[in-house]
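Beneath this line is the structure, given in structure tokens, with notes to follow.
Chains as they are written, first to last, in the numbering used here: chain A, 1 to 234; chain B, 1001 to 1234.
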């Protein structure tokens, strides 16, 4: 019996590029408001607005758009033009329709692992946006289960494992967010593989828990099968 | 063995009030733009914008807010003030934080049925918004399964029944939307109980399929146990 019964993968910036879409839009946003403020200050205010809105608006592109609009009104003291507001909403629509670009090694790694393990795709964000991305990614066939959740905290993982009747020591999570994919998973006694991505939202950052049991770090997803072979003692 | 193995309930305007929140906000929106246009025209333009945005933004309050902002910019030819844009975003936040008000007969009906049937809550909209409403409603304990989906079409129901391994003739759906809760359910050969609500979004309207096998209509949820007794031949 393999050591892990289920391997769950985060999606955004673990399987496909996402954050650079946000970064790119944020650059345009800073240009839009360049007459009013310094880019650093715009970025800081947008981040604070996003954090304040998280409780009600949650994650995802629609929440990001509403936070951009709110920040634009605030930073221009209401002088932002209707055309610029339209532009921001247009960016949101473009982001939602953007092509899904897989990260390197993803497709062949999943294809190989799907033959030996039960794979789950476990992501947070807007339901419709995530569903259409999964569909367009061409990866859906490798996943036995797809779960889109509103947040990834310790309690979310506990509920998930309970629902699928899986012991924590037989669960492995793979993702690029220390805050969402790694720390809460280690906290319940499961294992987690951190695959850093150069673009990661500040909010998802944390100190890597180096040396903690069950914690592994890989440079890219292509190295996962070899790590699993090691862990399984093959 | 009871005839139905699973009874699924829509949430918004089947278990608790929702659409009147939208209607109320829409009234404020029409007042906001009263200097520019007639209320009927504002309503018509907002509805068209919502329909156009459905594909990318999906259902829910964040999508509604973005559509209101877009409509306001369009109908004022960009002259909408930053303060008014802030006001619209504030309405969205209020809607997301609004108290969950149950419809009549809901709590006692669910409590009774939960003893005899497997109950599912099956709703569409924003993930986080629906989750917090379910939590605040106090009804979560009656539902064995909770599914939040991005759309309720024929294929969504087919996938759902397949996943839970339930034959269509043993599935009953209860809801206030002919378009989402009733017609696609009858189309796959399952049964559906339509409980009309005085506030129902135009987009969810359709012709009641009177006389179609498996179709039932009730004035309120309190009448459901008696209908089930009839159908079960008790």
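Idealized CB from N, CA, C, for every residue including glycine. Because the structure is a prediction, the values reported are computed rather than measured.
Pick helix, strand or coil for residue i, following the three-state DSSP scheme.
{"i": "residue 175 of chain A", "result": "strand"}
{"i": "residue 1152 of chain B", "result": "coil"}
{"i": "residue 1023 of chain B", "result": "helix"}
{"i": "residue 1072 of chain B", "result": "helix"}
{"i": "residue 10 of chain A", "result": "coil"}
{"i": "residue 18 of chain A", "result": "coil"}
{"i": "residue 1117 of chain B", "result": "coil"}
{"i": "residue 1102 of chain B", "result": "strand"}
{"i": "residue 1200 of chain B", "result": "coil"}
{"i": "residue 1192 of chain B", "result": "strand"}
{"i": "residue 215 of chain A", "result": "strand"}
{"i": "residue 142 of chain A", "result": "helix"}
{"i": "residue 1207 of chain B", "result": "coil"}
{"i": "residue 223 of chain A", "result": "helix"}
{"i": "residue 1231 of chain B", "result": "helix"}
{"i": "residue 1043 of chain B", "result": "helix"}
{"i": "residue 5 of chain A", "result": "coil"}
Run down chain A in chain order and give the residues with a C-beta less than 7 Å from the C-beta of residue i.
{"i": "residue 1143 of chain B", "result": "None at all; the shortest Cβ gap to chain A is about 13 Å."}
{"i": "residue 1150 of chain B", "result": "127, 128 and 131"}
{"i": "residue 1204 of chain B", "result": "Simply none; closest approach about 17 Å."}
{"i": "residue 1065 of chain B", "result": "66"}
{"i": "residue 1073 of chain B", "result": "82, 85 and 86"}
Hey, residue i and residue j are a contact pair by Cβ (cut 8 Å); roughly how many whole angstroms apart?
{"i": "residue 137 of chain A", "j": "residue 15 of chain A", "result": "7 Å"}
{"i": "residue 1151 of chain B", "j": "residue 1133 of chain B", "result": "With 8 Å as the limit, residue 1151 of chain B and residue 1133 of chain B do not qualify as a contact, their Cβ atoms being about 18 Å apart."}
{"i": "residue 1157 of chain B", "j": "residue 1007 of chain B", "result": "In fact, because the Cβ distance is near 14 Å, the residues do not count as touching under 8 Å."}
{"i": "residue 1208 of chain B", "j": "residue 1178 of chain B", "result": "6 Å"}
{"i": "residue 222 of chain A", "j": "residue 104 of chain A", "result": "7 Å"}
Does the ligand HEM have even one heavy atom less than 8 Å from the beta-carbon of residue i?
{"i": "residue 1093 of chain B", "result": "In the structure on display, the ligand HEM does not appear, and there are no ligands present to speak of."}
Taking residue i as the query, report the chain A residues whose CB atoms sit under 9 Å from its CB, ordered along the chain.
{"i": "residue 986 of chain B", "result": "Chain B is shown from 1001 up to 1234; residue 986 of chain B falls before or after that span and cannot be answered."}
{"i": "residue 1070 of chain B", "result": "85, 86 and 89"}
{"i": "residue 1179 of chain B", "result": "Within chain A, no residue comes near residue 1179 of chain B; the closest Cβ sits about 17 Å away, beyond 9 Å."}
Chain B partners of residue i, CB-CB under 7 Å?
{"i": "residue 57 of chain A", "result": "1062"}
{"i": "residue 81 of chain A", "result": "1078"}
{"i": "residue 93 of chain A", "result": "1056"}
To the nearest angstrom, report how far apart residue i and residue j are at their CA atoms.
{"i": "residue 1055 of chain B", "j": "residue 1130 of chain B", "result": "19 Å"}
{"i": "residue 193 of chain A", "j": "residue 127 of chain A", "result": "25 Å"}
{"i": "residue 321 of chain A", "j": "residue 1019 of chain B", "result": "The first residue shown for chain A is 1 and the last is 234, placing residue 321 of chain A beyond what the model contains."}
{"i": "residue 159 of chain A", "j": "residue 182 of chain A", "result": "16 Å"}
{"i": "residue 309 of chain A", "j": "residue 189 of chain A", "result": "Because chain A spans 1 through 234 in this model, residue 309 of chain A falls outside it and cannot be assessed."}
{"i": "residue 1035 of chain B", "j": "residue 71 of chain A", "result": "26 Å"}
{"i": "residue 108 of chain A", "j": "residue 120 of chain A", "result": "16 Å"}
{"i": "residue 1217 of chain B", "j": "residue 1186 of chain B", "result": "13 Å"}
Which residues in chain A have a C-beta closer than 8 Å to the C-beta of residue i? List them in chain order.
{"i": "residue 1100 of chain B", "result": "Here the premise fails: no neighbours, minimum Cβ distance about 15 Å."}
{"i": "residue 1096 of chain B", "result": "56 and 57"}
{"i": "residue 1106 of chain B", "result": "None at all; the shortest Cβ gap to chain A is about 24 Å."}
Can you confirm whether residue i, when its beta carbon is compared against all beta carbons of chain E, has any partner nearer than 9 Å?
{"i": "residue 1176 of chain B", "result": "Protein chains in the displayed structure are A and B, and chain E is not among them."}
Within the chosen definition, does the region 87-106 of chain A reach the region 1081-1100 of chain B through at least 3 CB pairs nearer than 8 Å? Under the Cβ criterion (8 Å, minimum of three pairs), the region 87-106 of chain A does not count as touching the region 1081-1100 of chain B.
contact_flag[the region 17-29 of chain A, the region 194-206 of chain A] where n(CB pairs < 8 Å) is 3 or more: Yes: the two stretches touch, three or more of their Cβ pairs being nearer than 8 Å.
At a cut of 8 Å, does the region 98-115 of chain A reach the region 42-50 of chain A through at least three beta carbon pairs? With a cut-off of 8 Å on Cβ pairs, the region 98-115 of chain A is not in contact with the region 42-50 of chain A, counting fewer than three such pairs.
Please confirm if the region 160-176 of chain A is in contact with the region 68-79 of chain A, defined as three or more CB-CB distances below 8 Å between the two stretches. Too few Cβ pairs lie closer than 8 Å, so no.
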